[in-house]
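Data block below; observations after.
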Amino acid sequence: MAPVGPRSGDAIFANVERVNAELFTLTYGATVRQLLTDLEEVEEVNKQLDQMGYNIGIRLIDEFLAKSNVTRCVDFRETAEVIAKVGFKMFLGVTATVSNWDADGTCCSIILEDNPLVDFVELPDTCQGLYYCNILSGVIRGALEMVSMKTEVTWIRDVLRGDDAYELQVKLLKQVPEEYPYKDDE
Amino acid sequence: MIGVGKIKQYSNVLDKPLSKGKQEVSLSAFAFLFSELVQYNQTQVDNIAELERRLEDAGYAVGARVLELLCHRDKGNRRETRLLGILSFVHSTVWKVLFGKVADSLEKGTEHEDEYMISEKELLVNRFISIPKDMGTFNCGAFVAGIVRGVLDSAGFPAVVTAHFVPVEGQQRPRTTILIKFAEEQKYPSIFLTSLPCLNPPQKLGTTEGSKAGLILAPKLSYLIRLNVSQQNDEAV
Numbered sequence: 442m443a444p445v446g447p448r449s450g451d452a453i454f455a456n457v458e459r460v461n462a463e464l465f466t467l468t469y470g471a472t473v474r475q476l477l478t479d480l481e482e483v484e485e486v487n488k489q490l491d492q493m494g495y496n497i498g499i500r501l502i503d504e505f506l507a508k509s510n511v512t513r514c515v516d517f518r519e520t521a522e523v524i525a526k527v528g529f530k531m532f533l534g535v536t537a538t539v540s541n542w543d544a545d546g547t548c549c550s551i552i553l554e555d556n557p558l559v560d561f562v563e564l565p566d567t568c569q570g571l572y573y574c575n576i577l578s579g580v581i582r583g584a585l586e587m588v589s590m591k592t593e594v595t596w597i598r599d600v601l602r603g604d605d606a607y608e609l610q611v612k613l614l615k616q617v618p619e620e621y622p623y624k625d626d627e
Numbered sequence: 653m654i655g656v657g658k659i660k661q662y663s664n665v666l667d668k669p670l671s672k673g674k675q676e677v678s679l680s681a682f683a684f685l686f687s688e689l690v691q692y693n694q695t696q697v698d699n700i701a702e703l704e705r706r707l708e709d710a711g712y713a714v715g716a717r718v719l720e721l722l723c724h725r726d727k728g729n730r731r732e733t734r735l736l737g738i739l740s741f742v743h744s745t746v747w748k749v750l751f752g753k754v755a756d757s758l759e760k761g762t763e764h765e766d767e768y769m770i771s772e773k774e775l776l777v778n779r780f781i782s783i784p785k786d787m788g789t790f791n792c793g794a795f796v797a798g799i800v801r802g803v804l805d806s807a808g809f810p811a812v813v814t815a816h817f818v819p820v821e822g823q824q825r826p827r828t829t830i831l832i833k834f835a836e837e838q839k840y841p842s843i844f845l846t847s848l849p850c851l852n853p854p855q856k857l858g859t860t861e862g863s864k865a866g867l868i869l870a871p872k873l874s875y876l877i878r879l880n881v882s883q884q885n886d887e888a889v
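First to last, the protein sequences are chains A and E. When we follow the numbering used here, the leftmost residue of the first sequence carries the number 442, and every step to the right adds one. When we follow the numbering used here, the leftmost residue of the second sequence carries the number 653, and every step to the right adds one.
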């Protein structure tokens, strides 16, 4: 039987080097503030945050695979569970839950109970259109793209905008077939 | 629905109790974020000096908030009002909270009276950074320099703070020294501000009422006190 990957990231998180979440939170805040000053348009800031997240995601997946020991996921359902239970825990120290599956199992919601990005944050009236945590959606999109899954990630709920939780909708657009064999030895 | 009811709703961010500051995220998460911050700023500038200035600005915003946060949480609504006090506050308290350790050293400059240096063998932000040859003396420690400047400036000690690589014998990687040069008037401070009056008993901080009053009133008060000081100075002249 194939080894089963971990179902929770607790052990991995305990073993990686960690930093104070406040440094992380405040640095992220400084980044967003800089973007708002530079780009002026809230829409542009959302785009830039998503792009930054994407850049992170395509690099982060390497570390994730190297440290987490997860095996290939059989379907998208398992992928979503691994992101929520192992991925979020391993990097941000929080766990998320997966729910609201659609009938064909290609679209679900990842719900964050705790979000270290938003401590001390309140959106002023001028920034109501801002998806403050948009970097997260970029990270998920980037990371999944590196494992052959094209996805679309959108915010459904955001506490900063007056909702009761953080909810990210992850929609699987298509699975890019991998090309075998790899021609490593040429 | 899952997740509902677990997050307590606050109509105002100031109603939230101050966190204890024990929460952690992985170092990689921070390193990824920081690298994006640097890369983004690289696209916005033409030269190294400008890049360092922008990183410093980002750090400044962090420093100003760290000071406020720590004064309320760790120091019972008081802040340091003496030069050496605030320097050791940066070197030990701030460093410990942000980087998990006290800074390697805090020294006074030998050539100039008003210069101080905080050195760190391996600065957290420089851990995963290697500087390309063509970028010369660029040091991502500018971000930390900004944090230090933010703390000092907000505490009433304006200073010019810069980050430099200093080669260490027998070590492959240089250490980073944060050079603090205080503005002229700090050498002979005429008036020592007393700490902010304690508006709320410290133990009340963290309760809804305490944190709200503390966070809202304190900045205004410090502003008032500063105004008074400049008036007094005028009279004295």
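Backbone N, C-alpha and C define an ideal beta-carbon position, used for all residues, glycine too.
- In this structure, Gly673 (chain E) and Ile799 (chain E) do not form a Cβ contact; the two beta carbons are roughly 16 Å apart against a cut-off of 8 Å.
- Of all residues in the stretch 690-709 of chain E, the ones placed with a Cβ closer than 7 Å to any Cβ belonging to chain A are Tyr692 and Gln696, in chain order.
- Taking a C-beta distance under 8 Å as the contact criterion, Gln694 (chain E) and Leu703 (chain E) qualify as a contact pair.
- DSSP, reduced to helix, strand and coil, places Tyr692 (chain E) within a helical segment of the structure shown.
- Taking the C-beta atoms as reference points, Val588 (chain A) is found no nearer than 8 Å to Lys508 (chain A).
- Nearest C-alpha to Glu586 (chain A) among A:Tyr495, A:Thr512 and A:Phe561: A:Tyr495.
- When the alpha-carbon of Leu722 (chain E) is set against those of E:Glu708, E:Val677, E:Leu775 and E:Ile738, the nearest one is in E:Ile738.
- The C-alpha of Asp667 (chain E) lies about 19 Å from the C-alpha of Gln675 (chain E).
- In this structure the stretch 599-610 of chain A lies against the stretch 541-550 of chain A, because at least three pairs of beta carbons, one per stretch, are closer than 8 Å.
- Beta-bridge analysis with DSSP links Cys549 (chain A) to A:Val611.
- By the rule that beta-carbons nearer than 8 Å mark a contact, Gln475 (chain A) touches chain E.
- With a cut-off of 8 Å on Cβ pairs, the stretch 781-794 of chain E is not in contact with the stretch 740-752 of chain E, counting fewer than three such pairs.
- Within the same chain, Ile551 and Ile581 come within 7 Å of Ile524 (chain A) by CB-CB distance, once the 5 residues on both sides are set aside.
- The Cβ-Cβ distance between Val803 (chain E) and Leu719 (chain E) falls below 8 Å.
- Along the stretch 549-570 of chain A, the positions whose C-beta sits under 8 Å from a C-beta of chain E are Ile552, Leu553, Glu554, Asp555, Pro557, Asp560, Phe561, Val562 and Glu563, read in chain order.
- In terms of Cα proximity to Glu767 (chain E), the closest of E:Asp698, E:Pro669, E:Phe809 and E:Ser671 is E:Phe809.
- Considered as a whole, the stretch 722-805 of chain E harbours 757-760 and 767-772 as its complete beta strand (DSSP E) runs of no fewer than 3 residues, in chain order.
- In this structure, Leu707 (chain E) sits near Phe795 (chain E), with a CB-CB distance shorter than 8 Å.
- Interface criterion met: the Cβ of Val665 (chain E) is under 8 Å from a Cβ in chain A.
- With contacts defined by Cβ atoms closer than 8 Å, Asp566 (chain A) and Gly546 (chain A) do not form a contacting pair.
- Using a Cβ-Cβ distance cut-off of 8 Å, the stretch 481-495 of chain A and the stretch 554-562 of chain A are not in contact, since fewer than three pairs of beta carbons, one from each stretch, lie closer than that value.
- A direct Cα-to-Cα measurement between Thr762 (chain E) and Met769 (chain E) gives close to 10 Å.
- A Cβ-Cβ separation of about 7 Å places Thr468 (chain A) in contact with Phe682 (chain E) under the 8 Å criterion.
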